[in-house]
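Residue numbers (UniProt numbering): 1 to 189.
Where a beta carbon is used, it is the ideal one built from N, C-alpha and C, also for glycine.
Structure, as structure tokens:
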Amino acid sequence: HNTYTLEVEEIFKIVREGEYQKYRPFQDLPNRQLLWHGSRATNYAGILSQGLRIAPPEAPVTGYMFGKGVYFADMVSKSANYCHTSQSDPTGLLLLGEVALGNMHELKKASHITKLPKGKHSVKGLGRNAPDPSATVTLDGVQVPLGKGTNTNIDDTSLLYNEYIVYDVAQVNLKYLLKIKFNYQMSMW
1 HNTYTLEVEE
11 IFKIVREGEY
21 QKYRPFQDLP
31 NRQLLWHGSR
41 ATNYAGILSQ
51 GLRIAPPEAP
61 VTGYMFGKGV
71 YFADMVSKSA
81 NYCHTSQSDP
91 TGLLLLGEVA
101 LGNMHELKKA
111 SHITKLPKGK
121 HSVKGLGRNA
131 PDPSATVTLD
141 GVQVPLGKGT
151 NTNIDDTSLL
161 YNEYIVYDVA
171 QVNLKYLLKI
181 KFNYQMSMW
């Protein structure tokens, strides 16, 4: 994103009642990562009270590039766009969640998945940009991507950034809520 910069105003630690108990069976999966999730501020009452949810079967599938699941990103730039802030309403909320990704089904273009292939626990949409993997740190067995954005050399993908999708909300343990100020650049036009 080059239309705004982000400034962290506040960080809140989240412990949702009952969420860790549902997540615990997935803690043994390999490949747990701390990932970003962005949503409109008006959605957070529901998210904090009920957790992240998957769209119901009757909801239209449009807008879900990899089917109905819970979507995450390893770069804040991707998730920040889903906050739908503006110059007149520049405050957004972002989540950091521990996501048990396990064995990922890697894809380069849209696929409206209804069932994961056998032995797979999540989908990774492969992007052209990703955090520099050499800067990733591991805390308590959880990978935390910290690197600056870098080219992945994956040219035949339709995605600009990596996306991670889980189809079982129990694979998510929300950790932090960040209040972010979006500093919009003044347009010359």
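Test: residue i CB closer than 8 Å to a CB of chain B
i, result
"residue 128", "The question asks about chain B, but that chain is absent: this structure has only one protein chain."
Cut-off 8 Å between Cβ atoms - residues of its own chain near residue i, not counting five sequence neighbours on either side
i, result
"residue 94", "36, 37, 38, 76, 79, 80, 83, 177, 178 and 180"
"residue 16", "48, 51 and 174"
"residue 146", "131, 135, 136 and 137"
"residue 25", "170"
"residue 66", "107, 110, 111, 112, 113, 123, 125, 163 and 165"
"residue 204", "With the chain covering 1 to 189 only, the question about residue 204 has no answer from this structure."
"residue 59", "68"
Nearest neighbour of residue i, chosen from the options [CA to CA]
i, options, result
"residue 98", "141, 57 and 113", "141"
"residue 41", "100, 154, 91 and 175", "91"
"residue 154", "4, 33 and 109", "109"
"residue 143", "115, 119, 107 and 100", "100"
"residue 172", "70, 66 and 56", "70"
"residue 111", "139, 119, 104 and 123", "123"
"residue 199", "24, 34 and 167", "Limits of the chain in this structure are 1 at one end and 189 at the other, which puts residue 199 out of reach."
"residue 156", "106, 118 and 116", "106"
"residue 74", "158, 150 and 186", "150"
"residue 96", "46, 14 and 57", "14"
"residue 32", "68, 159 and 139", "139"
"residue 72", "118, 34 and 21", "34"
Presumed contact (8 Å Cβ cut-off) between residue i and residue j, rounded CB distance
i, j, result
"residue 48", "residue 169", "Actually they are not in contact, since the Cβ atoms of residue 48 and residue 169 sit about 14 Å apart, beyond 8 Å."
"residue 55", "residue 44", "Not quite, the Cβ-Cβ distance comes to about 17 Å (not below 8 Å), so this is no contact."
"residue 6", "residue 102", "Going by Cβ atoms, the distance from residue 6 to residue 102 rounds to 30 Å, so no, they are not a contact pair."
"residue 115", "residue 104", "Incorrect: roughly 15 Å between the Cβ atoms, too far for contact."
Cβ-based neighbour list, residue i, same chain, cut-off 6 Å, excluding 5 preceding and 5 following
i, result
"residue 10", "179"
"residue 148", "132"
"residue 68", "54 and 55"
Sequence-distant residues of the same chain with beta carbon closer than 7 Å to residue i, five excluded per side
i, result
"residue 8", "178 and 180"
"residue 19", "51, 173 and 174"
"residue 3", "184 and 185"
> Pairing CB atoms from the segment 74 to 92 with CB atoms from the segment 170 to 182, are three or more of them under 8 Å?
Replying inline: yes
>> Any contact between the segment 154 to 170 and the segment 114 to 128? By contact I mean 3 or more CB pairs, one from each, below 8 Å.
In response: yes
> Which runs of the beta strand (DSSP E), 3 residues or longer, sit entirely within the segment 60 to 127?
Replying inline: 70 to 72, 91 to 100, 104 to 107 and 122 to 125
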